[in-house]
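Please read the structure below before turning to the comments.
Protein chains: 2
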Amino acid sequence: MPPKPLSHWLPILDWLPRSRGAQLRDDLLAGVITALLLVPQGMALALLAGLPPIVGLYAGILPPLVYALFGTSRTLAVGPVSVAALLVANALAGTAADPGSAEWLQGAITLAALSAGILLLMGLLRLGELANFLSHPVLSGFTSGAAVIIIVSQLPQLTGIALPRDAGTLTQLGHLFMELPRLDPGPLIYGVVALLLLLMARKAPLLKPLARLGIPPRATLLASRTAPLMVVLGATAIAAFTLPLLPVAVVGDIPAGLPVPSLQFLAGDHWLELLPAALVISIIGYVESVSVARVLAWRRRERVDPNRELIALGASNAGAALTGTMPVAGGFARSMVNFEAGARSQLAGIVTALLVALSALLFTPVFRYLPLAVLAAVIIAAVIPLIDVKALKAAWRFDHADGLALMVTFLGVVLVDIELGLAAGLLLSVGTFLWRTGHPHAAVVGRVPGTEHFRNEERHHVETWPHLLLLRMDESLYFANTAFLEQVVARRVAERPELQHVVLICSAVNRIDHSALETLEQLAENLALSNIVFHLAEVKGPVMDRLRGSGLLEAMGDGRVFLSSEEAVEYLGTHPRPNGNEQENQDSPSAENHP
Amino acid sequence: MPPKPLSHWLPILDWLPRSRGAQLRDDLLAGVITALLLVPQGMALALLAGLPPIVGLYAGILPPLVYALFGTSRTLAVGPVSVAALLVANALAGTAADPGSAEWLQGAITLAALSAGILLLMGLLRLGELANFLSHPVLSGFTSGAAVIIIVSQLPQLTGIALPRDAGTLTQLGHLFMELPRLDPGPLIYGVVALLLLLMARKAPLLKPLARLGIPPRATLLASRTAPLMVVLGATAIAAFTLPLLPVAVVGDIPAGLPVPSLQFLAGDHWLELLPAALVISIIGYVESVSVARVLAWRRRERVDPNRELIALGASNAGAALTGTMPVAGGFARSMVNFEAGARSQLAGIVTALLVALSALLFTPVFRYLPLAVLAAVIIAAVIPLIDVKALKAAWRFDHADGLALMVTFLGVVLVDIELGLAAGLLLSVGTFLWRTGHPHAAVVGRVPGTEHFRNEERHHVETWPHLLLLRMDESLYFANTAFLEQVVARRVAERPELQHVVLICSAVNRIDHSALETLEQLAENLALSNIVFHLAEVKGPVMDRLRGSGLLEAMGDGRVFLSSEEAVEYLGTHPRPNGNEQENQDSPSAENHP
């Protein structure tokens, strides 16, 4: 292989020099719009993760800049994301630290460093495809479940009612219900009004009048996407003046300034304890990032390289650890906004990062009177679209097993434990697949009269022959279905005393493993003990290559490998061995027996 | 379903009344031969499990009687088996008890009771097929590894050198090597001579002269199979007279008598701790039993019911727990002997059990001077055939992944831990299967000129068309290969700017899950964004039934489902859309492009 150019590893060297006027303008605008969304969301997500709000802004500075260097997606918006923030809070709840404390922050930074290591290692080992073992239903159930937990976690901010931290979701909801009389009107009013405004701003029909007024779609989008910032600023202004009238918890002083890169993350001492959580954060973050990057790449006939994405996301998380913030990923919603706002390259991401840095440097005093309830509303509005009931219906309708995997993951995540729920869904979906390939469709076939087509004898009127069993297995043969194959043949043999030949039709067999090979050898030998010859038909080329070197053809004795079922019938149907069984007078295929 | 007759659950009601003279004689002889083998083996296996020798005889009394009632195999010999004995010793080494102590025995009984519960539960839930997930290479590696450990475990008896109990196999061998100067001649002489005699007695060439002398084969077999008993009795006689001359550890007093059924097994208090080991003992024992039962059943066109075997083996283990002995299973070697000796029904097993009971009652004083080294030789001779190097070669030659799974299991069992080794092999074989189905064979096909056959364009000279991509996936589509499918299509689309149609040929697709469905929908929509129409061809009936209810056909827009690749080419090849791409002048398939 020729050495790859440097631009293979640093795609920025490819796209940056080719940037031109119109594209620069598009990227600039998209970067601004995304930043307006990211500033309030970043602070809110930091709170969700149990961290000071400014840490959420940090997560929007260096990590996207690093991604811009290494990433293969032009439009993925990397930064703080809701599921990672939830997983950070969940992982650290198991340690001795308290939310908001220095140890808690240290734990979040350790998680970012671990995620960086895991992703870089997976990238170097080219293990990107491991993520494929998370099936869509499991991912959907996980995301919906995480969204529900996030919403529940925001209820204390919204209601002023403290909930037990380590309790299950149901216990927390029960507690909330019992404490309802103590509802605090301040946060409730701010929170509910903000939530309603945010949800309304997203509804397309409400934006249509603007379009009719001649406002260009991009400007409409701008108005829609800046809603979180507008709501946040408006609520802050109101709270600043009315705080004595309507008391509500506010953000308070945020230390302004940029993060100073430091190796402080090396000081963490819960590495091993946090490793499983970091693994889940990395893989889920990676899957989310690559999924949205793929969708966006398709729209412009671009390509995303899964293994280089691992490197890019690993480097971004290293940037997060270096600047003292929580793990990052490519967020679904913010990337879509970035794309729809016209982003053409990672230049948009760079603009976003610079604007967020500017906010961290200059504008934090603005948020002094920002009610926490409003930030809770920002998070809730962001995750509500993640709850996907349609996916459950569609999966269940298509295949109950898929629907069940989704439901088990969702309920496991919500009611038991986030990581256990994910593991249960993963095991269930892999188990279902193995179970099904272990119980393949097997059909006894016969010939459609007057043709060379062979069909299932239970579904079609076909010719069959008492001394001949044509069995088609609709699956590759491997260890989990060898016993099934043996049982099917044994049952048929026991049913048919006149049987002389068994032909296994392998048209749907893409692969045979050594367990299956041994089973076929054993089967051929066992059938020979009963004076039955075992044949194969329609064996695919690569499978035949394998079988040629093995002992199967020898074990088959007089058995042959026929190119087609028709050939098998022509050869065997017209030449039944007269000495095979009691009924010796049948020497031609008798279609009459099976009208 | 009509209610099943009582004989379905108690097969003895079916076969016993139909027993006739010749069969009774055959069963009687087979029962005697098997008992002659079982008595010394049972005592030796008890010692292997760290139990008093008499307990091994107990395992050959009630359990086979219970199996005779419930078992569906006519000739399976149930009783103490080497792998279960090893697993018992291994499991109890983790507890505080010492081998030979009352607590140790209690632990073995607890394991039998747990195995009974597990097997009965699996039988009631009809989970017999779970055992299918142990592939042949993994089982082979496990059995070979267990045999090696058993042999190493017998070296102290053979050499008189005590080995550290909890150390790994390599450490033990190293220790043995260091202590070689302390070799004890007594056990070594008895052990080596006994081992050589036992191995020679098994060699067929040595038995031929007997046949030439006119001795019937069954008598020869009898002579061969009684070798262990002869060796044991001979060695005992010699030791009784020469013990002062050549000191050697002997069995000593064995309390004679039959086991008294008791519920003492309920007194065990390590239930939870021993559960994982009991699970492995049950499943391995079940797999071994059913494997040999199947092989024997085939030879006489009989059937074995895997789920009723679970019940029968569970009941046998309940019998073991009730009579205060270790877990039992159907042994491979002893069942083969039983079969070859002419057993026709479980009557042979009943005869064996009665003879073993007689031995326990009357003959234990005979074994007072039996050297332990000779029992060690009996065990070693019994397990040597289990070390299957040929299986490794055959598996590796057929498929390196199968060979690797066997090797990993073997080395894991021998060097690390019996149960961890088994788990590693299981994970590796399942992982390999998932990995392969996740990376299926995918071929771009074209038409063999002048025919309606379509073949891989990389292997054959075929007609292709620049505006048409015919892609065949040789695997069912499911979550682990959806990303692969998408990447293959994306790469081809990026390579071919003139592309207007993608046809996915599904002739080898036996199943589509919801993840794959969503990927196909997404693919169709993404392709549509690039003005490419997505089609399907050769979709199997059951798959098509599924797709009809889904949103895929809608997402495909103008895309069609063709019955055959030929139909796709006829329809699409002669009607390229003129407005699709830059090159508008190609309006017929151009075979000339690909000579």
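Protein sequences, first through last, are from chains A and B. If you count by the working numbering, then the first sequence holds residues 1 to 595, one letter each, in order. If you count by the working numbering, then the second sequence holds residues 1001 to 1595, one letter each, in order. Cβ atoms here follow ideal geometry from the backbone N, Cα and C, with glycine treated the same way. These figures come from a predicted structure and were not determined experimentally.
Closer than 8 Å at the C-beta level to chain A, one finds these residues of the stretch 1545-1558 of chain B: R1546, G1549, S1550, G1551. It is roughly 8 Å from the alpha-carbon of A:L347 to the alpha-carbon of A:L16. Under the Cβ criterion of 8 Å, A:E518 is counted among the residues facing chain B.
Residues of chain A with a Cβ closer than 9 Å to the Cβ of B:H1136 are, in chain order, F479, T482, D513, H514, S515, A516, L517, E518, T519. Nearest C-alpha to A:V290 among A:R308, A:T519, A:L470: A:R308. In the DSSP assignment, the residues bridged to B:L1469 are B:V1502. The C-beta distance from B:T1072 to B:D1305 rounds to 5 Å, short enough to meet the 8 Å contact threshold. Here the alpha carbons of A:L572 and A:V502 stand approximately 10 Å from one another.
At the C-beta level, B:A1046 and B:P1080 come within 8 Å of one another.
When the beta-carbon positions are compared, A:V378 and A:S335 stay at least 8 Å from each other. Cβ contact annotation for B:A1089 (same chain, cutoff 8 Å, sequence separation greater than five): L1048, A1049, G1050, P1099, S1153, in chain order.
DSSP places A:F534 in the uninterrupted beta strand (DSSP E) bounded by 533-537. In its chain, beyond the 5 residues on either side, L1471, L1536 have a beta carbon closer than 6 Å to the beta carbon of B:L1504.
Look at B:V1389: its C-beta is not under 8 Å from any C-beta on chain A.
Chain B places no beta carbon closer than 8 Å to that of A:S73, leaving this residue out of the contacts. Looking from the CA of B:G1403, the closest CA among B:D1388, B:L1158, B:L1415, B:G1446 belongs to B:D1388. At least one CB atom of chain A sits nearer than 8 Å to the CB of B:V1430. Using a CB distance cut-off of 8 Å, B:H1441 counts as an interface residue toward chain A.
For B:N1526, the chain A residues whose C-beta falls within less than 7 Å of its own C-beta are W298, listed in chain order. Think of a sphere of 7 Å around the beta carbon of A:R303: the chain B residues whose beta carbon falls inside it are A1490, A1494, in chain order. Between B:F1133 and chain A, the shortest Cβ-Cβ separation is below 8 Å.
CA-to-CA, the gap between B:V1078 and B:G1330 works out to about 4 Å. DSSP, reduced to helix, strand and coil, places A:R447 within a strand of the structure shown. For A:N90, the enclosing alpha helix (DSSP H) starts and ends at 82-93. Here B:V1251 is not near B:V1039, since their CB atoms are 8 Å or more apart. Taking all protein chains in view, the Cβ of A:R491 is surrounded by fewer than 16 other Cβ atoms within 10 Å, so the residue is classified as exposed. At a cut-off of 8 Å between beta carbons, B:G1438 contacts chain A. Restricting attention to alpha helix (DSSP H) runs no shorter than 4 residues, the stretch 367-436 of chain A encloses them at 372-383, 389-398, 400-411, ordered along the chain. Of the residues A:V295, A:E457, A:I150, the one whose Cα lies closest to the Cα of B:L1520 is A:V295.
For B:A1146, no CB of chain A lies under 8 Å from its own CB, so it is not counted at the interface with that chain. The Cβ of A:N90 sits no closer than 8 Å to any Cβ of chain B.
For B:R1308, the enclosing alpha helix (DSSP H) covers residues 1306-1322.
Sixteen is the threshold: since fewer than 16 other Cβ atoms of the shown chains lie within 10 Å of the Cβ of A:H461, the residue is exposed. Under the 10 Å beta carbon count, A:N338 is surrounded by 16 or more other beta carbons and is classified as buried. Under the Cβ criterion of 8 Å, B:P1011 is not counted among the residues facing chain A. One thing to note: A:L170 has its Cβ no nearer than 8 Å to the Cβ of A:L155.
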